[in-house]
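Heads up, the thing below is written out as structure tokens.
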């Protein structure tokens, strides 16, 4: 059987087959496009809508930084000097306000808070644009209720509890604590952690340790309404409070020092007394550089700065010098308190006035010295001692009686032998003791003072012998802070250790765990023999108990008379036509084993022994338990 062959399609059949396949292909493509369109439509309506909703929600979320409570500041005995407390505050959100709304809000707040519009307008202008800032603190409950009830009259205003700084009886310690304010543009540039409306330390401990005190701010995430106002809290991260600062300062002793200074100003003695109201008192532990008390007059109340200070109050404080820390920033001729420096130079280098061969050699001091060209000044110079009855004097009694002429003659001998003796030998010793440079105390705005050596003086004029003679009695161009004077005496009576003074002892967290210790720090040790330092300490005792001691009458009936020493100083104030003098006294106790160094300076206070010494006596008697 023969199988039939399959017939190949003809040309017509082939055309029909191709057409059918084309139709199938078009149908498949149409179905594919339809499916793609359906899937895309579903994505837009369902999946993408969810994504867009999430994006829209994200666009309506706003992060707000919440301020951390600042750490407390405690005195050495745990007395609270500064803390943070919760305060009902009004915050303004400038992001949601137009200019016209902002002006209307200022007017409404002025009526509500009973504050001048100018003051409120200044707060708005001081705040960064588009920011939230505190416009009022400690608002009454009825004020807060009115803001909430009539919110349309107070757009962008929130009522909330915020941490606010509180100071407790802090006026006597105001210059140590400092105060808070808003950061300047320079602060924002240099301190990246600051925000424009943050509270920031502007002076004292608050400034020096701002980063440790301020803590870690928190965050709140809010959903905004259609007007951009905060509507619903979505999430939050609470702030972490700052560390507590424990000071070396004794708050009770601060009050003693303040009272003694005020009494010294009231009772300023001597024909040269014309008190300016400015004074400083410092108590230092000579064994480790701890500052136990530091008072500067006039004082101020740091509470005035909480929530912002008005222009008139700030100007008044500035004009009277209340914001200036005279203890670390005031520069004054140290006068006869400086005589301990050439004393040490003489004893260590065996440099004596002409005809003197030891600290025990007695010479008869004239009441005045007259020099011609010998001093290099080109004309006659006359040096008048403060009294004309010093008579027979050696190095010991020169300190006891504060004899200018003895130290002038000593300086003259250095000048005469300047080819073999360093003409800056007195200035070099002063710098070793810390004069002419910051002491490094942990407070801002410390002044370095001036020790006028030959290089410094010859910038403007010739260096002559009279310059060295003036420097040797703490006058001329020499200026120092009360802290530098205190620290120098501490080094001289503690065996030669120059400490970096400190007012903060440590920082602790909320659980009392120590997070930072500000340990005693020896900056340098003097290259001075212990025999010289011991001799000086004995001679300082003569000032308060010797027959010719400048402070003998002040301490003669004191219960601590036999355990105290010191040095007085009465500084002439340029120009010469001004008869007023600055009163100084530095006291040490117990003198046989020095622990406390107390310095009192009264600007334009007259006599050092008559005005400053009684204040030092009061403070030392308190320290020694005899007050």
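Residue numbers (our numbering): 353 to 979. Positions of the beta carbon are idealized from the N, C-alpha and C atoms, including for glycine.
- In chain order, 910, 911, 912, 979 place their CB closer than 8 Å to the CB of residue 973, counting only its own chain and leaving out the 5 sequence neighbours on each side.
- Straight through space, the alpha carbons of residue 782 and residue 524 are spaced by roughly 31 Å.
- Look at residue 808 here: in three-state DSSP terms it is helix.
- The segment 837 to 850 makes no contact with the segment 756 to 764; the number of CB pairs closer than 8 Å stays below 3.
- Cβ contact annotation for residue 796 (same chain, cutoff 6 Å, sequence separation greater than five): 559, 560, in chain order.
- Secondary structure note for residue 556: it is in no beta strand (DSSP E), and the uninterrupted alpha helix (DSSP H) holding it is 556 to 560.
- Put simply, the backbone Cα of residue 861 is about 14 Å away from that of residue 591.
- Contact fails between the segment 662 to 680 and the segment 811 to 829, because fewer than three Cβ pairs, one in each stretch, are under 8 Å apart.
- Contact between the segment 784 to 801 and the segment 890 to 900 is absent: fewer than 3 CB-CB pairs across the two stretches fall below 8 Å.
- Looking from the CA of residue 784, the closest CA among 767, 755, 837 belongs to 837.
- Contact between the segment 946 to 955 and the segment 850 to 867 is absent: fewer than three C-beta pairs spanning the two stretches fall below 8 Å.
- Judged by their CB atoms, residue 436 and residue 421 are nearer to each other than the 7 Å cut-off.
- A contact is defined here as three or more CB-CB pairs under 8 Å, and the segment 854 to 874 fails this definition with respect to the segment 697 to 717.
- One alpha carbon belongs to residue 469, the other to residue 451, and they sit about 15 Å apart.
- One alpha carbon belongs to residue 903, the other to residue 939, and they sit about 10 Å apart.
- As DSSP reads the structure, residue 976 sits in no beta bridge.
- Secondary structure remark: continuous alpha helix (DSSP H) runs of at least 4 residues inside the segment 455 to 504, in chain order: 469 to 478, 493 to 501.
- The beta carbons of residue 679 and residue 835 sit about 6 Å from each other, so the pair counts as a contact at 8 Å.
- Per DSSP, residue 767 is not a residue of any beta strand (DSSP E); the alpha helix (DSSP H) it occupies stretches across 756 to 768.
- Listed in chain order, the beta strand (DSSP E) runs fully inside the segment 566 to 628 are 570 to 576, 582 to 589, 596 to 599, counting runs of at least 3 residues.
- Setting aside the 5 residues that flank it on each side, residue 576 is surrounded in the same chain by 412, 413, 414, 582, 583, each with a C-beta closer than 8 Å to its C-beta; the list follows chain order.
- Ranked by how close their Cα comes to the Cα of residue 801, the residues 819, 826, 811, 821 have 826 in first place.
- Membership of residue 817 in the alpha helix (DSSP H) is indicated by the continuous run 817 to 824.
- For residue 691, DSSP records no beta bridge to any residue.
- For residue 893, the enclosing alpha helix (DSSP H) begins and ends at 882 to 897.
- By the C-beta density criterion, residue 480 is exposed, having fewer than 16 other C-beta atoms within 10 angstroms.
- Note that the C-beta distance between residue 906 and residue 946 is not below 7 Å.
- The segment 917 to 931 makes contact with the segment 674 to 692, as at least three CB pairs between them are under 8 Å.
- Nearest C-alpha to residue 833 among 773, 541, 936: 936.
- DSSP places residue 659 outside both helix and strand once states are collapsed to three, so it counts as coil.
- Under the 10 Å beta carbon count, residue 537 is surrounded by fewer than 16 other beta carbons and is classified as exposed.
- According to the DSSP assignment, residue 540 belongs to the alpha helix (DSSP H) that extends over 537 to 542.
- The bridge partners DSSP lists for residue 443 are 486, 510.
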